[in-house]
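**Q**
Residue numbers (this note's numbering): 362 to 933.
#1: Does the stretch 662 to 679 come into contact with the stretch 622 to 634, if we say contact requires no fewer than three beta-carbon pairs (one atom in each stretch) closer than 8 angstroms?
#2: By alpha-carbon positions, which one of 696, 640, 698, 455 ends up nearest to residue 575?
#3: Shortest alpha-carbon distance to residue 769 belongs to which of 395, 839, 807?
#4: Would you call residue 698 buried or exposed, if buried means 16 or more other Cβ atoms sit within 10 Å of its Cβ?
#5: Run through the DSSP bridge pairs and tell me what residue 670 is partnered with.
#6: Could you say which of 900, 893, 509 lies nearest to residue 782 if we only look at CA atoms?
#7: Rounding to the nearest angstrom, what Cα-Cα distance links residue 400 and residue 424 in this structure?
#8: State the start and end residues of the unbroken alpha helix (DSSP H) segment that holds residue 454.
#9: Alpha carbon to alpha carbon, what distance is there between residue 395 and residue 939?
#10: Between 911, 885, 705, which has its C-alpha nearest residue 765's C-alpha?
#11: How should residue 478 be labelled, buried or exposed, when 16 other C-beta atoms within 10 angstroms of its C-beta is the threshold for buried?
#12: Can you name the start and end residues of the alpha helix (DSSP H) that residue 636 belongs to?
#13: Under 8 angstroms, do residue 380 and residue 562 count as touching if we go by C-beta distance?
#14: Just reading off the alpha helix (DSSP H) that residue 509 is part of, what are its end residues?
#15: Check whether the stretch 836 to 843 and the stretch 440 to 455 touch, using three or more Cβ-Cβ pairs below 8 angstroms as the test.
#16: By the three-class DSSP mapping on this structure, what secondary structure does residue 586 have?
#17: Are the CB atoms of residue 813 and residue 508 nearer to each other than 8 angstroms?
#18: When the Cα atoms are used, what is the spatial distance from residue 620 to residue 638?
#19: Since residue 540 and residue 684 are thought to touch, with beta carbons under 8 angstroms apart, how far apart are those beta carbons, to the nearest angstrom?
#20: Check residue 818 in the structure and name its three-state DSSP category.
#21: Whole angstroms is fine: what's the gap from residue 438's alpha carbon to residue 681's?
#22: Here's the rule: buried if 16 or more other CB atoms are within 10 angstroms of the residue's CB, otherwise exposed. What is residue 887?
#23: Buried or exposed: which applies to residue 914, given that a residue is buried once 16 or more other Cβ atoms fall within 10 Å of its Cβ?
#24: Report all residues from its chain with a CB closer than 7 angstroms to the CB of residue 678; omit the five preceding and five following residues, and keep chain order.
#25: Return the chain-ordered list of same chain residues with a C-beta closer than 7 angstroms to the C-beta of residue 931, the five sequence neighbours on each side being excluded.
#26: Hey, quick one: how far does the alpha helix (DSSP H) through residue 373 stretch, first residue to last?
#27: When you compare each of 614, 618, 667, 635 to residue 652 by their alpha carbons, which one comes out closest?
#28: Is residue 746 helix, strand or coil when you go by DSSP?
#29: Under three-state DSSP, which class holds residue 478?
#30: Identify the continuous alpha helix (DSSP H) that holds residue 534 and give its terminal residues.
#31: When the Cβ atoms of the stretch 531 to 547 are set against those of the stretch 823 to 842, are three or more pairs found closer than 8 angstroms?
#32: Determine whether the beta carbon atoms of residue 427 and residue 640 lie at a separation below 8 angstroms.
#33: If you reduce the DSSP assignment to three classes, tell me which class residue 884 lands in.
#34: Shortest alpha-carbon distance to residue 567 belongs to which of 385, 849, 855, 763?
#35: Does the stretch 489 to 501 touch the stretch 580 to 597, meaning 3 or more C-beta pairs lie closer than 8 angstroms?
#36: For residue 365, count neighbouring Cβ atoms within 10 angstroms of its own Cβ and tell me buried if that reaches 16, exposed if not.
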């Protein structure tokens, strides 16, 4: 990260002017294109399938298509190295891949629009998988293009990250709401055909985008490894098989779904027991996270050289998958571990809020109210937060923006602690959710810009894809205990424990607030409210770790140039 010459004082006009430029418009369009497909092959598609009277078991299998979004780093190196004949010459390396991905997504969505889920479910599943893979590929290449185009300027990284977030936040709102509104009158086919047509906005973004500079493909150094095609085929198949197992393990861990391994179990009953353990809200994460790390270990093993012998497949995989990681640690030296820790902890307070949906219901809000506040007002506040995050970075610099995002991202959770004391009050609900969504927009945008600023030239696709694949793991681990903290604290409060001191805060609760869930748990309403207060306070305190890391790293000198040329060939 190189602090922009920047740190000079800027006027407000100077800070916002870059957001009204052609590159920012391009990134809004590309961000929209990036955010559109996922909901259409997951949430929205599940509604269509349910209205077609398909079982929940069948619908749940479609969640497997989200695997690819969690594993983008696996094929990101290929996108760094491989060009598209003809198209690359016309558009450039990154833009050609973006355009191809968009074409596949459009064709896939159009194909789904012509299908009947009751008679063509298999074809629909294939189309969804293709869209998922193309959508994840589009994400990888858009991120790489954005990072490389912005270069080493923190200001440009901030502007591009903010514009991307604008488009990416608007897209799920469109793909999650518009098809539902149209399906009842014009049919699901028309709704999906319209979504396919909206991908044209992304194509416009590609055509408006300036062609990137020459993309230099790093040559593979095979050293003294002699060519032996027959043996190389066998070795490559073995290494790829090991990587496939690793990918499945990581996917199962990142998505909490082990359906891909069902064939390994001797009976359906045995699989059900394993699945219950793997998906348990309290203990499942202790299977899922080790699964992810075991998968990473197997990928590393697949890249190792054969004992006592250099081979061309080993050299290729090692320099493709290991060298980008080596480059990061070599570039940042002693700070690399702290930087990775900051990335993993930066939004941990947000990841802990996995009980929020239940919290809203426990307060007595009906589903219509929850949907209205979250889907409309919440989206508006998120976009506002994204804007604030971008302006803070362009006006005061990346370091200030990073610290600001960590502070608001952490302490915004206290708004929910306050909401717990207000009970069933729509105004209070809107205020608390607005504060949280705005701060989430700020923190998310700053984190995107910060991770982008860390990338080593020539490794943009893989390094950024790896950051985005693993940064949520610590939050996922801690989030597994969220419900337990609420319920244990509630029971302790009713037993006269230390949390009992919070009970006076709930003297004005409305009758419906916490009434039913408290009865089910066997505690008083005040005790359950106390459990939530303690939990939200805990989630804020955890975020202080990110604040401390920000202050520590901001006090250290950062790299001001990209020395990737010296790193080419490392790890060979």
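No residue lacks a Cβ here, since even glycine has one placed at the ideal position from N, Cα and C.
Predicted model only: the values in this text are computed from it and were never measured.
**A** This is what the structure holds:
#1: The stretch 662 to 679, when compared against the stretch 622 to 634, does not touch it at the 8 angstroms Cβ threshold.
#2: Walking along the chain shown from the start, residue 575 turns up at place 214. Measuring from the Cα of residue 575, the nearest candidate turns out to be 455.
#3: In the chain shown, counting from the first residue as 1, residue 769 sits at position 408. It is 807 whose Cα lies nearest to the Cα of residue 769.
#4: Walking along the chain shown from the start, residue 698 turns up at place 337. Looking at its Cβ environment, which holds fewer than 16 other Cβ atoms inside 10 Å, residue 698 is exposed.
#5: Counting from 1 along the chain shown, the entry for residue 670 is found at position 309. DSSP, once it has assigned bridges, lists 667 as partnering residue 670.
#6: What you label residue 782 is simply residue 421 of the chain shown in a count that begins at 1. Ranking the options by Cα distance to residue 782, first place goes to 893.
#7: In the chain shown, counting from the first residue as 1, residue 400 sits at position 39. In the chain shown, counting from the first residue as 1, residue 424 sits at position 63. Cα to Cα, residue 400 sits roughly 11 angstroms from residue 424.
#8: As a position in the chain shown, residue 454 is number 93, starting the count at 1. Where residue 454 is concerned, the enclosing alpha helix (DSSP H) stretches over 454 to 474.
#9: Because the chain spans 362 through 933 in this model, residue 939 falls outside it and cannot be assessed.
#10: One-based indexing of the chain shown puts residue 765 at position 404. Nearest of 911, 885, 705 to residue 765, Cα basis: 911.
#11: Position 117 of the chain shown holds residue 478. Counting Cβ neighbours within 10 Å, residue 478 comes out buried, since at least 16 surround it.
#12: The residue labelled residue 636 in the question sits at position 275 within the chain shown. Per DSSP, residue 636 belongs to the alpha helix (DSSP H) from 629 to 640.
#13: Numbered from 1 along the chain shown, position 19 holds the residue referred to as residue 380. Numbered from 1 along the chain shown, position 201 holds the residue referred to as residue 562. No, the pair does not count as a contact, with Cβ atoms beyond the cut-off.
#14: As a working note, residue 509 is residue 148 in the chain shown. For residue 509, the enclosing alpha helix (DSSP H) stretches over residues 482 to 511.
#15: Contact between the stretch 836 to 843 and the stretch 440 to 455 is absent, with fewer than three C-beta pairs closer than 8 angstroms.
#16: Indexing the chain shown from 1 puts residue 586 at position 225. In this structure, residue 586 counts as coil in the three-state DSSP scheme.
#17: Position 452 of the chain shown holds residue 813. Position 147 of the chain shown holds residue 508. Result yes, Cβ atoms of residue 813 and residue 508 sit closer than 8 angstroms.
#18: Within the chain shown, the letter at position 259 stands for residue 620. Within the chain shown, the letter at position 277 stands for residue 638. Looking at the backbone, the Cα of residue 620 and that of residue 638 are separated by about 13 angstroms.
#19: Here residue 540 refers to the residue found at position 179 when the chain shown is read from its first residue. Here residue 684 refers to the residue found at position 323 when the chain shown is read from its first residue. Going by Cβ atoms, the distance from residue 540 to residue 684 rounds to 43 angstroms, so no, they are not a contact pair.
#20: In the chain shown, counting from the first residue as 1, residue 818 sits at position 457. Judged by DSSP in its simplified three-state form, residue 818 adopts coil rather than helix or strand.
#21: By one-based count along the chain shown, residue 438 stands at place 77. By one-based count along the chain shown, residue 681 stands at place 320. Taking the straight line joining both Cα atoms gives about 6 angstroms.
#22: Counting from one through the chain shown, the residue named residue 887 turns up at place 526. Classification of residue 887: buried, given that the 10 Å Cβ count is 16 or more.
#23: As a working mapping, residue 914 is identified with position 553 in the chain shown. Buried, by the Cβ-count rule.
#24: Walking along the chain shown from the start, residue 678 turns up at place 317. Excluding positions up to five away in sequence, the list reads 600, 663, 664.
#25: Within the chain shown, numbered from 1, the residue matching residue 931 stands at position 570. The predicted position of residue 931 is uncertain, since its pLDDT is 43 and thus under 50; no value can be drawn from it.
#26: Position 12 of the chain shown, counted from the first residue, corresponds to residue 373. Where residue 373 is concerned, the enclosing alpha helix (DSSP H) stretches over 373 to 377.
#27: For the purposes of this step, residue 652 is identified with residue 291 of the chain shown, where counting begins at 1. Considering only alpha carbons, the answer is 614.
#28: Against the chain shown, residue 746 aligns to sequence position 385. Of the three classes helix, strand and coil, the one that applies to residue 746 here is helix, per DSSP.
#29: As a first step, residue 478 is located in the chain shown; it is residue number 117 there, counting from the start. Coil at residue 478, not helix or strand.
#30: Here residue 534 refers to the residue found at position 173 when the chain shown is read from its first residue. 515 to 547 is the extent of the alpha helix (DSSP H) around residue 534.
#31: no
#32: Taking the first residue of the chain shown as position 1, residue 427 is located at position 66. Taking the first residue of the chain shown as position 1, residue 640 is located at position 279. No; because the gap between Cβ atoms is not below 8 angstroms, this pair is not in contact.
#33: As a first step, residue 884 is located in the chain shown; it is residue number 523 there, counting from the start. Coil, per DSSP.
#34: Numbered from 1 along the chain shown, position 206 holds the residue referred to as residue 567. Per the Cα distances, 385.
#35: no
#36: Counting from one through the chain shown, the residue named residue 365 turns up at place 4. Reliability of the predicted coordinates at residue 365 is poor, the pLDDT of 45 falling under 50, and no value is obtained from them.
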